[in-house]
Amino acid sequence: MPIPRPLTRITAAASHSRLRRNQSIRPTGLIVYFARAGIHRHLRPESKVARPQPGRLCRPLAGFGAAFEALRVRNYRLFWLGQLVSQVGTWVQRVAQAWLVLTLTNSPLALGTVTALQFLPILCFSLFGGMLADRVPKRWLLLATQSLAVLQALTLAGLTAFWAIRLWHIYVLAFFLGLVNALDNPARQSLVPELVGRAQVPNAVALNSMVFNVARILGPGLGGLGVATVGFAGCFLATIGALLLMDPKGFYVPGGGRPRAAAGLGPALRYALRTPTVLTVIILLAFVGTFGYNFTVVLPLVARYVVGVDAAGFGLMTGAMGVGSVLAALWLAYRRRPTLGRLLAGAAAFSLLLVLVVLSRVFVLTLGLLVLLGFASVFFTANAQTILQLASPDEFRGRIMSLYTLLFLGTTPIGSSFVGAVAERWGVQTALAVAAGLCWVGVLAGFTSARGQAVR
0 MPIPRPLTRI
10 TAAASHSRLR
20 RNQSIRPTGL
30 IVYFARAGIH
40 RHLRPESKVA
50 RPQPGRLCRP
60 LAGFGAAFEA
70 LRVRNYRLFW
80 LGQLVSQVGT
90 WVQRVAQAWL
100 VLTLTNSPLA
110 LGTVTALQFL
120 PILCFSLFGG
130 MLADRVPKRW
140 LLLATQSLAV
150 LQALTLAGLT
160 AFWAIRLWHI
170 YVLAFFLGLV
180 NALDNPARQS
190 LVPELVGRAQ
200 VPNAVALNSM
210 VFNVARILGP
220 GLGGLGVATV
230 GFAGCFLATI
240 GALLLMDPKG
250 FYVPGGGRPR
260 AAAGLGPALR
270 YALRTPTVLT
280 VIILLAFVGT
290 FGYNFTVVLP
300 LVARYVVGVD
310 AAGFGLMTGA
320 MGVGSVLAAL
330 WLAYRRRPTL
340 GRLLAGAAAF
350 SLLLVLVVLS
360 RVFVLTLGLL
370 VLLGFASVFF
380 TANAQTILQL
390 ASPDEFRGRI
400 MSLYTLLFLG
410 TTPIGSSFVG
420 AVAERWGVQT
430 ALAVAAGLCW
440 VGVLAGFTSA
450 RGQAVR
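Right under this line is the structure:
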């Protein structure tokens, strides 16, 4: 049996000479191999056993693991799991609340009023929520908002359980939850870089989008199970538990301490308007977020009057959008580079698909278009969030992300009322065509704003 030779220390010159003689071994591949093996100074002698080639067969699996890289950070993993449970609970409560309103009143107007009251505070107070997120520790702010959400859910559940619920109770509680969300959303979104660091922000934002859309698919379906086991409030309590388990020492706060935020909205708004990248995102959100993302308001009308399906078909249409959204989130978690070019492409694709959905009268074709529409919607919003996160200074991030909340969620009463009014007067297809046209106005304005920048 041959005696193995001892490890041989080679110099950089000898290594270079050997690599020149054997052109089949690329220096970059060799460096990557030894770096992964943990060998830096000593190399084993050449062997006839084939060495693994990173980047060939293992690349798909490595890419799949990289799609969930942010979950390796303990604080973000707790935050992500808490969000998953909380978002499922939110969708359970949203469905149950809508059904409760219809049971009490059988009035579409009452249902629309509840929706408007829930989103109106976001329109009015989300900028204040951003200021607060820049001034106080976000973890404690989220603990406060989730505690208030628990109180709201417990009150709604208690009034319903004792058959004391009245319509005005639901109005007040919906408005109260809107106030909570106006404070919660900017803090929740701007907390992400403090949990994972700037390098992993794109991955973390994509995973957040996946949580929202998985909850949108599972929430209504798991409604009965969730209420029977932990109740409405239990889902919010899970988020509180996750926040309490976080280690504050693991937060990425630049400079070893919390940056002092400039007072008021003025400095943040001036920064947003004077920074071309941020301004482009804001322009796109103002049009696409206000008019395009209220498409779900008329989706039941599309199901009944355009493609002619019943409630089961409408459920399939909603699920198709959810599937496309989850696929987009997974793809974005793997692909790391958000650019203005991709953002504009996502907005343009979303606007085009709105038009195609209007023209389609075949149910199967509409399902396929809705999968693509769901993909384009998350592709646009996740890129917008990531660009704003990375382009915002730490002291302004809460207020910049409150602009995102304002334009994406706060404009729901405006956009839904507009689209609903057009659909009532001229029909659902005209309403979607007008919404798509306004989205295209935003795309053109965004492209004009982005001109002169490196759009890739």
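Numbering of the sequence shown is given in numbering that gives the first Met the number 0, commencing with residue 0 and proceeding in unit increments.
Glycine residues also receive a C-beta, built at the ideal position from the N, C-alpha and C atoms.
Item: Got a sec, what are the start and stop residues for the alpha helix (DSSP H) Arg303 sits in?; Value: Looking at the DSSP string, Arg303 is not in any alpha helix (DSSP H), and its letter there is neither H nor E.
Item: Could you spell out where the alpha helix (DSSP H) holding Asn293 opens and where it closes?; Value: Per DSSP, Asn293 belongs to no alpha helix (DSSP H) and is neither H nor E.
Item: So, are the CB atoms of Asn184 and Thr404 less than 8 angstroms apart?; Value: yes
Item: Cα separation between Glu181 and Val210?; Value: Correcting the residue type first, residue 181 is Ala in the shown sequence and not Glu. Distance between the alpha carbons of Ala181 and Val210: 20 angstroms.
Item: Find out if the Cβ-Cβ distance for the pair Ile282, Gly414 is shorter than 8 angstroms.; Value: no
Item: As an exercise, report each continuous alpha helix (DSSP H) stretch of at least 4 residues that is fully enclosed by the segment 69-144, in chain order.; Value: 73-104, 107-134
Item: Could you name the residues of the same chain whose beta carbon sits closer than 6 angstroms to that of Leu355, not counting the 5 residues immediately before and after it, in chain order?; Value: Leu368
Item: Output the distance between the C-alpha atoms of Gln151 and Thr89, rounded to the nearest integer angstrom.; Value: 12 angstroms
Item: Quick check: what's the CA-CA separation for Gly157 versus Val100?; Value: 16 angstroms
Item: On the DSSP letters alone, give me the boundaries of the alpha helix (DSSP H) that Asp183 sits inside.; Value: 166-195
Item: As a quick exercise: from Ala327, Leu298, Val306, Leu364, pick the residue whose alpha carbon is nearest that of Val418.; Value: Leu298
Item: Buried or exposed: Trp439, going by 16 or more other Cβ atoms within 10 Å of its Cβ?; Value: buried
Item: Taking the alpha-carbon positions, what's the Leu517 to Asp309 distance?; Value: The requested residue 517 does not occur in the structure, where the chain is confined to residues 0 to 455.
Item: Which class does Leu443 belong to by DSSP, given the choice of helix, strand or coil?; Value: helix
Item: Just verifying my parser: in three-state terms, what is the DSSP assignment at Gly397?; Value: helix
Item: Go through its chain and collect everything with a Cβ distance to Arg76's Cβ below 6 angstroms, but skip five positions before and after it.; Value: Leu70
Item: Between the beta-carbon of Leu278 and the beta-carbon of Ala271, is there less than 8 angstroms?; Value: yes
Item: Have a look at Ala381 and Leu331 and give me their C-alpha separation to the nearest angstrom.; Value: 8 angstroms
Item: What's the gap between the Cα of Val113 and the Cα of Phe124?; Value: 18 angstroms
Item: Hey, how far is the Cα of Leu141 from the Cα of Leu372?; Value: 32 angstroms
Item: With DSSP as the reference, label Gly426 as helix, strand or coil.; Value: coil
Item: Looking at C-beta atoms only, is the number of pairs between the segment 187-205 and the segment 127-138 that lie closer than 8 angstroms three or more?; Value: yes
Item: So the alpha helix (DSSP H) Leu364 belongs to, where does it begin and stop?; Value: 362-390
Item: Would Ser106 be called buried (16 or more neighbouring beta carbons within 10 Å of its own) or exposed?; Value: exposed
Item: Are the CB atoms of Leu264 and Arg398 within a distance shorter than 8 angstroms?; Value: yes
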